[in-house]
Amino acid sequence: MALTEAEFNEARWCDEFDDPHLRQWLLSHTPIKAIAATRKHHVRQLGVTLSHGTPPGPKALLKRHESGSQVFTVMCEPNYMLLWVRTTTNIAALVAEGKLTVTKDGGFVLQRSFDPFHMDFEEGWTADLLPMTFLPYKLADSSKCFLFASDQPKGSPSGFVYYLSIPDVIQTMMDCGVSMDKEMVLRNLLDSEVTADLALLLKKNHWSADVTAPLTAVIVKDRAAVPMFASSVVAQTLAFFAFSQHAIQQQENKSVPLLLLMLRTDSLLGGAAPFTNPLGSFWLADVSTLFSLLKDGKAALEVEPFHMSVNNTQSKRLSHSDARAETKAFGMQKRKAMLEECVSFLTLDLERKKTQLKKIEQKMEVKKELPSKCAAAKAMHKTHPLTISADVKEKDLSGYKAPWDVETCKTSIKVNGLYEAAGLALWLRTGVFRIANTPEWETASGDVSVETLKKFATSFFSKDSAMKASVQRGQKKSRTGRDRIVWPIEMIVVSESGTDLEKDGGFDSSLSLVGCHFVLWAWYYAMFQALQTGDKEWVELLWECGCTVTIQARLCTSEKDVPVARIQASEKLKAIGDASLSDTFLTFALLCRKLGVESVSQGSALKLKFNGSSYNPSVHKAAVQVIGVMGPTGAGIFFEAIQRLELAWGRELLSNAYSKLVKLISIVKGVSHVHRNTQEIAAWLVDMLHLALLCKSTTVAKATDTFLDKDRKHGSHGFWPACLVLLQDSIFNPMKCWETFLKPSSEDAARDAEDEAHAADDDAGGALTNQSALVPVKEKYNRATGCLLDLLVELMSGQHGEDLREISQCGEPLSKMLQPGGKESAEEASQGSSISLVVKLCEAVKAFDTNTKSVSVTATAPAPSLINTLNQGQSVEELTAERERVWKLVQNERRKYATFSVPKTWKPEGLLSSFRSCGKVFGHAGTLNSRFAAQRICSASQ
1 MALTEAEFNE ARWCDEFDDP HLRQWLLSHT PIKAIAATRK HHVRQLGVTL SHGTPPGPKA
61 LLKRHESGSQ VFTVMCEPNY MLLWVRTTTN IAALVAEGKL TVTKDGGFVL QRSFDPFHMD
121 FEEGWTADLL PMTFLPYKLA DSSKCFLFAS DQPKGSPSGF VYYLSIPDVI QTMMDCGVSM
181 DKEMVLRNLL DSEVTADLAL LLKKNHWSAD VTAPLTAVIV KDRAAVPMFA SSVVAQTLAF
241 FAFSQHAIQQ QENKSVPLLL LMLRTDSLLG GAAPFTNPLG SFWLADVSTL FSLLKDGKAA
301 LEVEPFHMSV NNTQSKRLSH SDARAETKAF GMQKRKAMLE ECVSFLTLDL ERKKTQLKKI
361 EQKMEVKKEL PSKCAAAKAM HKTHPLTISA DVKEKDLSGY KAPWDVETCK TSIKVNGLYE
421 AAGLALWLRT GVFRIANTPE WETASGDVSV ETLKKFATSF FSKDSAMKAS VQRGQKKSRT
481 GRDRIVWPIE MIVVSESGTD LEKDGGFDSS LSLVGCHFVL WAWYYAMFQA LQTGDKEWVE
541 LLWECGCTVT IQARLCTSEK DVPVARIQAS EKLKAIGDAS LSDTFLTFAL LCRKLGVESV
601 SQGSALKLKF NGSSYNPSVH KAAVQVIGVM GPTGAGIFFE AIQRLELAWG RELLSNAYSK
661 LVKLISIVKG VSHVHRNTQE IAAWLVDMLH LALLCKSTTV AKATDTFLDK DRKHGSHGFW
721 PACLVLLQDS IFNPMKCWET FLKPSSEDAA RDAEDEAHAA DDDAGGALTN QSALVPVKEK
781 YNRATGCLLD LLVELMSGQH GEDLREISQC GEPLSKMLQP GGKESAEEAS QGSSISLVVK
841 LCEAVKAFDT NTKSVSVTAT APAPSLINTL NQGQSVEELT AERERVWKLV QNERRKYATF
901 SVPKTWKPEG LLSSFRSCGK VFGHAGTLNS RFAAQRICSA SQ
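FYI, in UniProt numbering the residues of the sequence shown are 1 to 942.
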């Protein structure tokens, strides 16, 4: 039995528990027949036939077309592993028992699938493994080597080479005593009848139907053309299968002799492309044409005898039992590794499930500890709202308003477009995540800090905020006090058709809130705190409150109804005295844009309000300007900067103060910057305020309109105009500067927290600086850059705030103040307070000035100092031309007093020539020292 190299490796290193590729094996008498059978099997799997049997069907043809590129690799595979099987059992007995079947060519087929490396042979059988190669082998028979070429002195053609392998017709002619002249041999070699079997093999393996016609017409009918291949390996392999089918069994390690024809031409054979065939592309060469080419010297034909031989590649055979033991050991090791991996996975899975079980047990314990009143239904949202009942017991939860009723809701929505009743907090959608089928009008609730939620929960959902109600329950006739937490505001939900309000059995967080989402968040936060602390009384109060939520359902059929409802809900939340969770002015402006409000009258007609004030010209102006900076959707870096500020310091600082927003936008619109647009500058100023608060340069209480914009009483600029002085490309993001350089370490933060606990009402202190973070950055640069980094961090932290205010009021650009003659003007403008900053900036700029102070004789004008280039009013070309003009004047003036001459060679002649070129000295006539006060001749060797 023969296995290909790939089969051998796959079978040998395959785990015995895997499913190997089993097949019925053919036992052959000789190695060459075993290899031929294996090769036929693999080629047949690709839809190709190497025998003269029935051609493949339509499905096989399709498969062959898809895998045709693999046929050559399989057909010409040279390396095989032979399994040499021997038995002491009578073969006839095995055939009689049905274990073997005799084939037509005398071989045997095992009547079961056989895996040679995972199955022991029965008693009486032995096997060895022997690696072999199956390749063409040239015969050293000079009597059969011919060269057919013209005697004309044109040289041997060598442009194209074609190959054809045929049976040994020369030996046949010699055995029959036929004349062996070249003409006769050539005609027998190129006889198309000799290649009939090969042509039939090619015809059965055509690519598609359109190739059948030319093959049938040329090969079968006219029989005047022979196939020629571009590969000698293909030609020799196909000849073995096409012509030696009945002669293989005659020899053990080689086939019958064949002849290899090598045709060399100067041009492409037939002037056409080859026929495409899975067995190899070929040309159909006309016999008469070939004769003409050979006669005219345009072709040459060489003939060499060969046979297909099998050769051992190793001298020592490998025992099958040793190979099987090795394979089994490999399989066991692989199995062991797989089982160890499985055990590791199961161990991790067990630990994970133990953790899950522990969490479930904890939840069960928590559920046991919860009041029994909270477990009225399997799903908590299915709990019916609390009702008013005269039979309520002393410690039972009870309602104090009409509960939600589906039929009543349907009637009221149909008649009034409005319905209000007591429901569950669990019915309301939190708005934290947007889910599928969420209405487009349901805008995101935004975000709020945990501290703000905690403050609201303490004010409205804590035990201290519970009202003391006088009740009379049970058998007692006297009234007693009972605590109750009351939901602070009605929650407005909207519906486009009313059908989503008709669900019976409760709502699973499906009622769409139009606003006041944060009130619901505060209730959830309070419930979390109550559960975490294990306060059963607080949990009961919150659950009773959550089961008596006033839910107002509105039918909104137009696009304007929803924004109006949201604005009204936000104003009602402000009416209870806490605006920390209401919508900001930015949200109000976006809602006005959705409503299409373009004038004060339109806003008044819709009865819009903000902070309790009706829609007026000031509110309208502010809304228009905010929309202009934010954009139509509200997204962008300005909106993100506002959100960061309000999450850290509250909404009252800037988000709800539309007067501050108007002044911010007015400042931004008065600034023109090359690389930043209006939205980027506005976001930058908001982040600068955020940074000032983080660095404790100011406080929330001090961040008034006067501090931020301008002190009109004293005529001094505020924080934002002063910040515009720093608006340069070298100033990085304020938040990044805080996180990297200004944010104090954990030890500093703890120490500052202790100080704040003792002095909470003190003024804002100096800026914080994390010097340890700045040191490694400065180490990467020179001293000048390190000084600049120090100055930048000082500016960002607000240490030079007063200097910046003075500079911004001066009206002159900072670059002009840095000029050598501008220092006095800067001092006058800032009245002495900005001298420190200007001096530091000058020193930082001078530290970077690396221009050389010496030039050569013929060099161009030296570059100006760096500090002089900061305030250029002319173009670079104009400045360069002016400096060159002045430099020439300087050189002419210098020549009146000094002349330079450089000798070309350091010899007397060169020195004398150089001395003569010094015009004024060499051409001097008269009495020495009578014309000049001093005249010196200096010589230098370098």
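All C-beta atoms in this analysis are idealised placements derived from N, C-alpha and C, irrespective of residue type, glycine included.
- Rounded to the nearest angstrom, the Cβ distance from serine 165 to alanine 239 is 3 Å, consistent with a contact under 8 Å.
- Cβ contact annotation for arginine 86 (same chain, cutoff 6 Å, sequence separation greater than five): Thr126, in chain order.
- Taking all protein chains in view, the Cβ of leucine 339 is surrounded by fewer than 16 other Cβ atoms within 10 Å, so the residue is classified as exposed.
- Collapsing the DSSP output to three states places alanine 881 in a helix.
- When secondary structure is reduced to three states using DSSP, tyrosine 80 falls in the strand class.
- Isoleucine 637 is positioned such that its CB atom lies no closer than 8 Å to that of leucine 586.
- Here methionine 262 carries a strand assignment [DSSP, helix/strand/coil].
- Contact check for methionine 262 and proline 136: beta-carbon distance about 13 Å, past the 8 Å limit, so the pair fails to qualify.
- With the rule of 3 Cβ pairs closer than 8 Å, the segment 178-188 does not count as touching the segment 258-275.
- The distance from the Cβ of valine 494 to that of cysteine 556 is about 5 Å, consistent with a contact at the 8 Å cut-off.
- A distance below 8 Å between beta-carbons, with the five flanking residues on each side excluded, links isoleucine 413 to the following residues of its chain, in chain order: Tyr419, Ser495, Gly498, Leu501, Ala553 and Leu555.
- The three-state secondary structure of leucine 27, taken from DSSP, is strand.
- Within the same chain, Cβ atoms closer than 6 Å to the Cβ of aspartate 709 are found at Lys663 and Gly718, the five residues on either side in sequence being excluded.
- For threonine 89, no beta strand (DSSP E) encloses it, and the DSSP letter there is neither H nor E.
- Take the alpha-carbon of threonine 452 and the one of proline 385: they are about 29 Å apart.
- When DSSP states are grouped into helix, strand and coil, glutamate 451 belongs to the helix group.
- By the criterion of at least three beta-carbon pairs nearer than 8 Å, the segment 649-666 is in contact with the segment 563-581.
- Here the alpha carbons of tyrosine 80 and asparagine 9 stand approximately 11 Å from one another.
- Here the alpha carbon of arginine 429 sits roughly 37 Å from the alpha carbon of leucine 350.
- A distance below 8 Å separates the beta carbons of asparagine 312 and leucine 130.
- In the displayed model, methionine 132 falls within a strand according to three-state DSSP.
- Straight-line measurement puts the Cα of methionine 228 at about 8 Å from the Cα of alanine 235.
- Boundaries of the beta strand (DSSP E) around proline 167: 160-167.
- Closest in alpha carbon position to aspartate 561, among Leu541, Leu606 and Trp538, is Leu606.
- Close CB contacts of lysine 298 within its chain, under the 7 Å cut and outside five residues either way in sequence, are with Pro157, Thr265 and Asp266 (chain order).
- A residue is called buried when at least 16 other Cβ atoms come within 10 angstroms of its Cβ; tryptophan 906 does not meet this threshold and is exposed.
- For the 8 Å CB-CB criterion, threonine 550 and methionine 491 form a contact.
- In this structure, the CA atom of threonine 704 is about 54 Å from the CA atom of serine 389.
- The three-state secondary structure of tyrosine 658, taken from DSSP, is helix.
- Nearest Cα to methionine 630 within the set Ala683, His41 and Met75: Ala683.
- DSSP, read as helix, strand or coil, puts aspartate 391 in coil.
- Look at serine 510 here: in three-state DSSP terms it is coil, with no helix or strand label.
- In the three-state DSSP reduction, leucine 397 falls in the coil class, being neither helix nor strand.
- Between valine 256 and cysteine 145, the C-beta gap is not smaller than 8 Å, which leaves the two residues out of contact.
- Within its own chain, the residues whose Cβ lies closer than 6 Å to the Cβ of leucine 147, once the five positions on either side in sequence are excluded, are Glu302, listed in chain order.
- Rounded to whole angstroms, the Cβ separation of threonine 4 and threonine 38 is 7 Å, and the two are in contact under 8 Å.
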